[in-house]
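Have a look at the structure below before the remarks.
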Amino acid sequence: MEKSQVSNEEATSKILMILSRHVGSEKAVDMGELFSRVFDMPYTNKINHTRRLRTVITALRQKGIPIGSTAAQNGGGYYLVRAGSELDEYCGRLRRAALGKLNLESRLRKISLEELLGQMALNFTAEGAEGAE
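Take a look at the structure:
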């Protein structure tokens with residue numbers, strides 16, 4: 021696999037520019053197409069070759085850029101989430117996925133989800149109190 025000469029800053033700018041024309045889930049751009057347009061090269065392995073693209077998208081999401089994704093057979097890919105009900109729907113999917121993982125953890129620990137969430141809240145509060153000193 022050849023290495024792209026595109027820096028992370030350039031990749032970030034290109035992703036934002038491209039996604040500005042893909043607002044709403046119905047206008048999602050395929051990951052392979054997005055990768056090719058950002059890094060000026062085709063991908064050969066959808067999982068391994070596009071890791072850098074997914075890393076940059078994750079960094080943008082962590083900065084609060086509402087980049088959604090869909091796995092629809094035709095029309096799947098990345099898009100900018102519209103404010104309002106589409107944002108609520110996307111955040112709901114994120115929450116359900118997170119709660120599903122937390123539910124699995126609670127079963128592995130053999131405690132209720134409520135008890136696990138309570139423990140997490142206590143840890144979060146204790147960590148915040150330590151930082152305030």
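Numbering (my numbering), first residue to last: 21 to 153.
Idealized CB from N, CA, C, for every residue including glycine.
Since we're looking at a predicted model, the values are computed, not measured.
Run through DSSP, which three-state label would residue i get?
{"i": "Ser27", "result": "coil"}
{"i": "Thr90", "result": "strand"}
{"i": "Gly96", "result": "coil"}
{"i": "Val49", "result": "strand"}
{"i": "Val101", "result": "coil"}
{"i": "Lys34", "result": "helix"}
Do you know offhand how far residue i's Cα is from residue j's?
{"i": "Gln217", "j": "Val26", "result": "This structure cannot speak to residue 217, because the chain is shown only from 21 to 153."}
{"i": "Glu29", "j": "Ile35", "result": "10 angstroms"}
{"i": "Lys37", "j": "Leu133", "result": "First, the residue type needs correcting, since residue 37 is Met and not Lys in the sequence shown. Roughly 41 angstroms separates the two Cα atoms."}
{"i": "Ser40", "j": "Ile87", "result": "10 angstroms"}
{"i": "Ala31", "j": "Arg57", "result": "10 angstroms"}
{"i": "Ala118", "j": "Thr64", "result": "31 angstroms"}
{"i": "Thr78", "j": "Ile131", "result": "31 angstroms"}
{"i": "Gly84", "j": "Leu107", "result": "12 angstroms"}
{"i": "Arg115", "j": "Phe144", "result": "18 angstroms"}
{"i": "Leu128", "j": "Lys66", "result": "32 angstroms"}
{"i": "Met61", "j": "Glu147", "result": "45 angstroms"}
Assuming residue i and residue j are in contact, meaning their beta carbons sit under 8 angstroms apart, how far apart are those beta carbons, in whole angstroms?
{"i": "Met164", "j": "Gly97", "result": "Nothing about residue 164 can be reported from this structure: the residues present for the chain run from 21 to 153 only."}
{"i": "Leu122", "j": "Leu136", "result": "6 angstroms"}
{"i": "Phe55", "j": "Thr70", "result": "5 angstroms"}
Out of the options, which one is the CA nearest neighbour of residue i?
{"i": "Val43", "options": "Ile131, Glu125, Leu142 and Thr90", "result": "Thr90"}
{"i": "Ala48", "options": "Val101, Ile67, Lys130 and Glu125", "result": "Val101"}
{"i": "Glu46", "options": "Arg72, Tyr99, Leu128 and Arg127", "result": "Tyr99"}
{"i": "Leu73", "options": "Gly120, Ser33, Leu124 and Ser126", "result": "Ser33"}
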